[in-house]
Amino acid sequence: MSDLKNATTQTPGQNINEATRTLLTSLKRSALTGGCVALLAMLFLAIGFNHPVLAQQLSIGLGDDLTLTERAMQLVALITILSLAPSILIMVTSFTRIVVVLSLLRSAIGLQTAPPNTVMVSLALFLTAFIMAPTFEQAYNTGIQPLVEGSIELPEAFDRAAVPFHAFMRQHVRENDLALFLDMAQQEPPATPEEISLRVLVPAFMISELRRAFEIGFLIFLPFIIIDLVVASILMSMGMMMLPPVVISLPFKLIFFVLVDGWNLITGSLVKSFVGS
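Residues 31 to 307 in the numbering used here are what the sequence shown lists, from first letter to last.
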């Protein structure tokens, strides 16, 4: 009771003085702690300056005959090639036909997200690697390996590595598509097929691949359309016009695709369309 009475009888001035003393005490402790930390930091710096610095020289090697500008241009060219690598894969390989056919297959069955896009693209990539393996190997042996060994320069390595892809595209391009781009480029037909420029050959090859992919897709759609028509006719004859035919036909299309071993047929036909041609 006496302590409570003393606390209640303290004046506002006494409370302010006590708070000031507490604040000063806290500031002194903080200053003392900061001073100790600063003293320790100075001590470590003094010890560190007694030893030699590990990295005393920094230099950039530019080669024997190359300047900084030439090295910078080479770096820019390398980054550009790496950024365009996915597009190059699509343009000059069998990837276009395969991925379009797989997408049309999913649409024909009536599935929207199964298999997922990641699975479809991965399957297309592995099939492309399987089909293009001889071309990749030849391009590596004739162009990339000599470049790594230092026997040829970068432009010559590019020309050598492009020869197998050039031959692959010539083998699968349609003559009408090639003639179209030769005409639009205002170029005369070359004396030999090897003289066709990539500027003309690559777009002609791509639209040829799209045409063949759509032809294959049409053949894939036919049996599934028949299943949809049969299911729709049965539902209408039963008076169940409010029930969407897709809901009933989807399980039948899936079991039909499984029973005919559809994945084996599709992948085998795609691979044989390149290897056998």
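Idealized CB from N, CA, C, for every residue including glycine.
The continuous stretches of alpha helix (DSSP H) do not include N171, and DSSP gives it neither H nor E. Under the three-state reduction of DSSP, T123 is assigned to coil, being neither helix nor strand.
In this structure, the CA atom of E239 is about 43 Å from the CA atom of L98. For I296, the number of other beta carbons within 10 angstroms of its own is at least 16, and it is reported as buried.
Pairing L105 with L252, the inter-Cα distance amounts to about 51 Å. In this structure, DSSP gives G269 a state outside helix and strand, which the three-state scheme calls coil.
Taking a cut-off of 8 Å on C-beta distances, the region 117 to 132 touches the region 229 to 244, as three or more cross pairs fall below it. With a contact defined as Cβ atoms closer than 8 Å, P274 and V261 miss out at about 10 Å. With respect to the 7 Å criterion, I246 and V131 are classified as neighbours on the basis of their beta carbons. For S299, the enclosing alpha helix (DSSP H) starts and ends at 292 to 305. Our two residues, M268 and N294, have alpha carbons roughly 36 Å apart in a direct line.
The alpha-carbon of D291 is positioned some 16 Å away from that of V301. Using a 10 angstroms sphere on the CB of P194, the tally of other CB atoms reaches 16 or more, which defines it as buried. According to the DSSP assignment, S279 belongs to the alpha helix (DSSP H) that extends over 275 to 289. About 22 Å separates the beta carbons of A138 and F304, which is beyond the 8 Å limit, so they are not a contact pair.
Runs of alpha helix (DSSP H) with 4 or more residues, each lying fully within the region 171 to 251, are found at 175 to 179, 184 to 202, 205 to 214, listed in chain order. A straight line joining the alpha-carbon of L155 with that of V149 spans about 10 Å. Relative to G140, the option among T126, D258, S227 whose CA is nearest is D258. Within a 10 Å sphere around the beta-carbon of A243 sit 16 or more other beta-carbons, which makes this residue buried. Of the residues assessed, L112 falls on the exposed side of the cut-off, its CB having fewer than 16 other CB atoms within 10 angstroms. In the three-state scheme derived from DSSP, where H, G and I count as helix and E and B as strand, T143 is classed as coil. Between the alpha carbons of V178 and T110 lies a gap of roughly 19 Å. Taken through DSSP and simplified to helix, strand or coil, L114 comes out as coil.
Rounded to the nearest angstrom, the gap between the Cα atoms of S181 and A115 is 24 Å. A Cβ-Cβ contact shorter than 7 Å links R190 with T172. Across the set P176, S279, N206, the C-alpha of S279 shows the shortest separation from the C-alpha of S263.
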